[in-house]
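So for the sequence shown, the working numbering puts the first residue at 11; every next one is plus one.
C-beta: ideal position from N, C-alpha, C; glycine also.
What follows is a set of notes on a single structure, which appears directly below.
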Amino acid sequence: MIGLRPGALARVLALGAHCDDIAIGAGGTLLTLCAARPGVRVDALVLSGGGTEREDEERAALGAFCPGADLAVTVLKIPDGRLPSYWEQAKDTLEDLRAETSPDLILAPWQGDAHQDHRGLAELVPTVYRDHLTLGYEIVKWDGDLGRPSVYQPLEPGTAEAKADLLERHYPSQRRRSWYDREAFLGLARVRGVECGARYAEAFHTRKLTLDLAGD
């Protein structure tokens, strides 16, 4: 297990197809990153849920998951499950965001996700952000699409517990879902922790990673 540290991490872009995707997939990573880098800029873009209670949930949740960060949240109104029909709008929004920011790290869904909205967003990212470190997060659900990730962010036990607490607190609209519970979130984090030699972890997929073996 080799640990790699990125250079400067001043700007982070978090992308989700739905409200709660970012928090489920990378909430522990955001908590860890923001605690270590007070004032880090976090731009969050969510494609659906705008103008509903889901947007209210998302804004409150991301504020809690990014303590001390310079946070900007945008929530669009693309209907859930209809991303292919709104491809141009999603692409244009990403292009507009690209013109405004060049993040040091992108957190987004991964291309093997079974949900078409998650997968569609994952496919859009490299068409807009071609030269950026992009980590594809995973979301546990009934589809059974969990893969074999190769990148891990270990989580302190308190951080993993805090993530589960915040997910329970900030997304009451999702509590009725059979897979949305504390046991599922901590269970997956425990498995990923086993895989990387930690108690808990979040895991990611990446398509490309450039090494600088000549550097200091």
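- A straight-line Cα-Cα distance of about 10 angstroms links residue 135 and residue 120.
- Using a 10 angstroms sphere on the CB of residue 88, the tally of other CB atoms reaches 16 or more, which defines it as buried.
- For residue 212, there is no enclosing alpha helix (DSSP H); the residue is part of the beta strand (DSSP E) that begins and ends at 210-215.
- A straight line joining the alpha-carbon of residue 16 with that of residue 144 spans about 12 angstroms.
- Between residue 194 and residue 148, the beta carbon gap of about 12 angstroms keeps them out of contact (Cβ cut-off 8 angstroms).
- In the DSSP annotation of this structure, the continuous segment of the alpha helix (DSSP H) that includes residue 179 starts and ends at 167-180.
- Boundaries of the alpha helix (DSSP H) harbouring residue 39: 31-46, taken from the DSSP string.
- A contact is defined here as three or more CB-CB pairs under 8 angstroms, and the region 62-80 fails this definition with respect to the region 109-127.
- Counting only unbroken stretches of 4 or more residues, the alpha helix (DSSP H) elements lying wholly within the region 44-132 are 63-75, 97-110, in sequence order.
- Two segments are said to touch when three or more pairs of C-beta atoms, one from each, lie closer than 8 angstroms; by this definition the region 175-193 does not touch the region 205-220.
- Rounded to whole angstroms, residue 180 and residue 33 show a C-alpha spacing of 10 angstroms.
- Note on geometry: alpha-carbon atoms of residue 164 and residue 170 lie some 9 angstroms from one another.
- Taking one beta carbon from each stretch, the region 105-114 and the region 17-27 have 3 or more pairs nearer than 8 angstroms; the two touch.
- Around the beta-carbon of residue 39, 16 or more other beta-carbon atoms lie within 10 Å, marking it buried.
- In the structure shown, the three-state DSSP call for residue 198 is helix.
- Going by DSSP, residue 24 is part of the beta strand (DSSP E) stretching over 21-26.
- Using a Cβ distance threshold of 7 angstroms, residue 199 and residue 162 do not count as a contacting pair.
- Secondary structure at residue 146: strand, using DSSP grouped into helix, strand and coil.
- DSSP places residue 136 in the helix class (H, G or I) of the three-state scheme.
- For residue 162, the pairing in a beta bridge is given by DSSP as 213.
- Judged by beta-carbon spacing, residue 167 lies within the 7 angstroms limit of residue 209, meaning their Cβ atoms are closer than that value.
- Around the beta carbon of residue 35, 16 or more other beta carbons lie within 10 angstroms, which makes this residue buried.
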